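Q:
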Amino acid sequence: MENDIAIGIDLGTTYSCVAAIVDSEAVVIGNDVDERTTRSVVHFSTHGTIVGAFADAQYLLDTGTTIYNSKRLLGRRFCEVNNALKWGFAIVDCDGEVGIETTVNPRMSPVQVAEELLKYLRQCAQNYLQQDVTRAVITVPARFNHVQRQATMDAAKNAGFKEVMLLNEPTAVALAFQYDVTDDNGQNYVVVYDFGGGTFDVSVLQITGQTFRALATHGDAQLGGTDIDELLVNYCVDTWKESYPDLQLKKDEFQNLLHLCELAKKELTYIDCKCIELQVDNLTEPLVITLDQFQLLRIVEPLIQRTVALTNDAVREAGLSNSQIDHVIVVGGSSRIPRVRNLLSEHFDANRLTCEWYEDEAVAIGAARLAHHWNQRNDIIDFVIQEYVTSSLGLCYKNEKMYVMIPKGSQLPQEKVLKITTVKDNQTKVVFWVFEGDTTELRKNTCLGHLVMTNLKPAPAGALKLVIRFVLNPNSMLIVSAYDEQTGEKQEAAFRCRSEFPSRREDNMVDVTGNDDTFEVS
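Number 361 in the UniProt record's numbering belongs to position 361 of the sequence shown; there are no gaps in the numbering.
(1) Taking Cβ positions, are residue 349 and residue 139 nearer each other than 7 Å?
(2) Spatial neighbours of residue 499 within its chain, please: CB distance less than 7 Å, with the 5 preceding and 5 following residues excluded, ordered by chain position.
(3) Does residue 355 come out as helix, strand or coil in the three-state DSSP assignment?
(4) Among 29, 200, 473 and 223, which residue has its Cα nearest to the Cα of residue 410?
(5) Assess contact between the stretch 72-80 and the stretch 20-39, defined as three or more Cβ pairs (one per stretch) separated by less than 8 Å. Is contact present?
(6) What would DSSP say about residue 128, mapped onto helix, strand or coil?
(7) Is the Cβ-Cβ distance between residue 219 and residue 195 less than 7 Å?
(8) Please state the DSSP three-state secondary structure of residue 316.
(9) Kindly list the residues whose CB is nearer than 6 Å to the CB of residue 4, restricted to its own chain and excluding five residues on each side of it in sequence; keep chain order.
(10) Output the boundary residues of the alpha helix (DSSP H) element that contains residue 374.
(11) Whole angstroms are fine: how far does the CA of residue 170 sit from the CA of residue 115?
(12) Between the alpha carbons of residue 433 and residue 468, how many angstroms are there, rounded?
(13) Any idea if residue 380 is buried or exposed, counting beta-carbon neighbours within 10 angstroms, 16 or more meaning buried?
(14) Return the first residue and the last residue of the beta strand (DSSP E) that residue 469 is part of.
(15) Roughly how many angstroms lie between the CA atoms of residue 267 and residue 444, to the nearest whole one?
(16) Output the boundary residues of the alpha helix (DSSP H) element that contains residue 602.
(17) Pairing CB atoms from the stretch 410-419 with CB atoms from the stretch 359-369, are three or more of them under 8 Å?
(18) Tell me which same chain residues have a C-beta within less than 6 Å of the C-beta of residue 371, skipping the five on either side of it?
(19) What's the call for residue 463, buried or exposed, on a 16-neighbour Cβ count within 10 Å?
(20) Please report the Cβ distance between residue 278 and residue 291, rounded to the nearest whole angstrom; I am assuming they are in contact, meaning their Cβ atoms lie under 8 Å.
(21) Please work out which residues of its chain come closer than 6 Å, Cβ to Cβ, to residue 280, disregarding the five sequence neighbours upstream and downstream, and give them in chain order.
(22) Looking at the secondary structure, which residues open and close the beta strand (DSSP E) in which residue 101 lies?
(23) Does DSSP put residue 71 in a helix, a strand or coil?
(24) Quick one: what's residue 478 bridged to in DSSP?
(25) When DSSP labels each residue in this structure, what does residue 272 get in the three-state scheme?
(26) Below 6 Å CB to CB, which residues in the same chain sit around residue 73 once its five sequence neighbours on both sides are set aside?
(27) In three-state DSSP terms, what is residue 326?
(28) Can you say whether residue 344 is buried or exposed, counting buried as having 16 or more other CB atoms within 10 angstroms of its CB?
(29) If I measure Cβ to Cβ from residue 386 and keep anything under 8 Å in the same chain, skipping five residues before and after, which residues do I get?
(30) Using 8 Å as the cut-off, can you tell me whether the stretch 336-343 makes contact with the stretch 234-254, which would need three or more C-beta pairs spanning the two stretches below that distance?
(31) Residue 178 and residue 207 look like a contact to me (Cβ under 8 Å); what is the Cβ gap, rounded to whole Å?
(32) Distance check for residue 275 and residue 319, CA to CA, integer angstroms please.
(33) With 16 other CB atoms within 10 Å as the buried threshold, where does residue 333 fall?
(34) Say whether chain D places a C-beta atom closer than 7 Å to the C-beta of residue 323.
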């Protein structure tokens with residue numbers, strides 16, 4: 001067995017999975033209860049931390065200290081997270097960021113929860129491989145923004161991984177598919193439809209031999225099995241309110257119902273109907289409702305239609321028609337709903353759909369494939385991955401517009417340089433506000449943070465020559481640096497959290513030289 005082995009990890013919203021290549025074969029590494037996938041749940045207590053199935057068992061007993069779906073909170077601002085009732089634990093505002101509060105840990109971040117999950121998966125791998133594991137390829141949704149990717153990297157480093165590579169989940173599926181399903185060295189257009197527990201991702205890739213080129217990516221970070229569960233909860237509550245108009249569920253009752261609806265959703269994939277009973281404090285008899293497959297289909301149809309619409313959009317953005325697609329790989333737990341396959345068959349040739357194929361493990365296996373080649377440090381990697389920038393990156397300039405430094409669609413890695421100058425006499429400070437998004441309107445984009453250059457030499461406006469550089473590495477991680485051409489003084493920042501963009505900006509503007517227009521960065 002190789003020394004210093006790197007593993008592949010699918011850090012999922014509802015389930016996670018770890019895999020490795022052992023003796024040239026992909027091996028999904030089971031956890032300490034011999035499950036091939038691990039529930040992405042962490043329970044905190046005074047006696048220690050529990051991860052996976054045992055943590056899930058504590059879910060209804062102590063929802064306030066059992067954390068689930070935390071991937072949906074990674075890199076998010078507090079104002080972006082709503083409906084506190086659906087979270088069994090307390091979510092608090094930590095200087096604009098999301099904080100999690102339990103009786104055991106007064107305040108922690110989603111990064112700390114992800115850290116515990118990754119520690120557990122790392123330990124499972126070490127137990128199986130019988131060696132220390134410090135390198136990993138970890139998958140993320142293709143639409144994860146820079147802040148979310150940085151949060152994932154931080155969690156991995158805190159979990160003991162010294163070297164981490166990020167891989168987009170759809171690309172991981174394509175890697176696993178190419179190795180395990182086809183021996184075709186020709187050109188194929190492949191759609192990866194990944195309908196998971198917390199997110200929906202779809203990517204169109206061109207696979208030519210061992211070159212994997214991403215052509216288009218669409219998705220929704222708030223569209224997955226969890227959203228189906230919430231729709232079922234709403235249906236149950238609305239139905240019961242017809243008989244009990246004043247019905248108001250307490251937080252623990254809501255969580256219990258959410259759990260029952262998740263179980264019903266899974267069972268209705270295989271059985272015709274399922275009865276749900278919910279006991280509430282102010283009623284002598286339990287609330288009862290029977291769900292059947294037809295009702296489930298009617299409730300989830302809008303979500304499934306949206307996934308297919310996003311899929312069609314991705315194919316069009318790739319410059320292709322549905323008839324040109326050679327393979328549609330269908331993965332993710334939510335794709336088990338029969339309607340998903342039926343609807344996809346209406347839009348693509350049914351013979352080109354690949355279903356029932358490592359639905360829950362494909363992402364981890366693909367990550368393990370890349371990790372295996374990463375292990376061959378002195379060898380030539382026999383495949384090439386060409387990812388692209390999914391959202392533009394740029395700077396704030398005058399009238400609160402975004403000057404695009406790295407446009408959407410650019411191939412990774414990328415490096416762009418811009419020359420600037422001050423706009424006021426004796427200006428000693430410049431603040432560069434960095435944004436990510438697909439519109440020139442700053443308020444509609446994501447503020448990643450800011451870089452401040454201070455102690456500039458007082459000089460007339462336009463006299464100083466400053467240079468700002470954007471470097472986007474293969475992990476889609478951004479490094480922004482700026483330096484004074486005359487003094488060589490350099491300042492650099494890797495954006496680890498968002499900054500609050502101020503409503504008023506004063507004396508820290510710059511002009512961009514070498515362009516027809518004058519821009520501002522505040």
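We put the beta carbon where it would ideally sit given N, CA and C, even for glycine.
Since we're looking at a predicted model, the values are computed, not measured.
A: For this structure:
(1) no
(2) Note on residue 499: pLDDT 47, under 50, position unreliable in the model; no value is reported.
(3) The answer is coil: DSSP assigns residue 355 none of H, G, I, E or B.
(4) 473
(5) no
(6) Residue state, collapsed to three classes: helix.
(7) no
(8) helix
(9) none
(10) That run of the alpha helix (DSSP H) goes 362-375.
(11) 23 Å
(12) Their backbone Cα atoms lie some 12 Å apart in a straight line.
(13) Only weak support exists for where residue 380 lies, its pLDDT of 45 falling under 50; the value from the coordinates is given anyway. By the neighbour-count rule (16 or more Cβ atoms within 10 Å), residue 380 is not buried but exposed.
(14) 466-472
(15) 41 Å
(16) In this structure the chain extends from 1 to 522, so residue 602 is not present and cannot be described.
(17) no
(18) 6, 7, 8 and 137
(19) exposed
(20) Wrong, their Cβ atoms sit about 13 Å apart, outside the cutoff.
(21) 253
(22) Run containing residue 101: 97-101, per the beta strand (DSSP E) assignment.
(23) Of the three classes helix, strand and coil, the one that applies to residue 71 here is helix, per DSSP.
(24) 472
(25) coil
(26) 98 and 110
(27) coil
(28) buried
(29) 211, 212, 213, 214, 411 and 412
(30) Contact fails between the stretch 336-343 and the stretch 234-254, because fewer than three Cβ pairs, one in each stretch, are under 8 Å apart.
(31) 6 Å
(32) Between residue 319 and residue 275, the C-alpha separation is close to 47 Å.
(33) buried
(34) The structure shown contains no chain D; it holds only a single protein chain.
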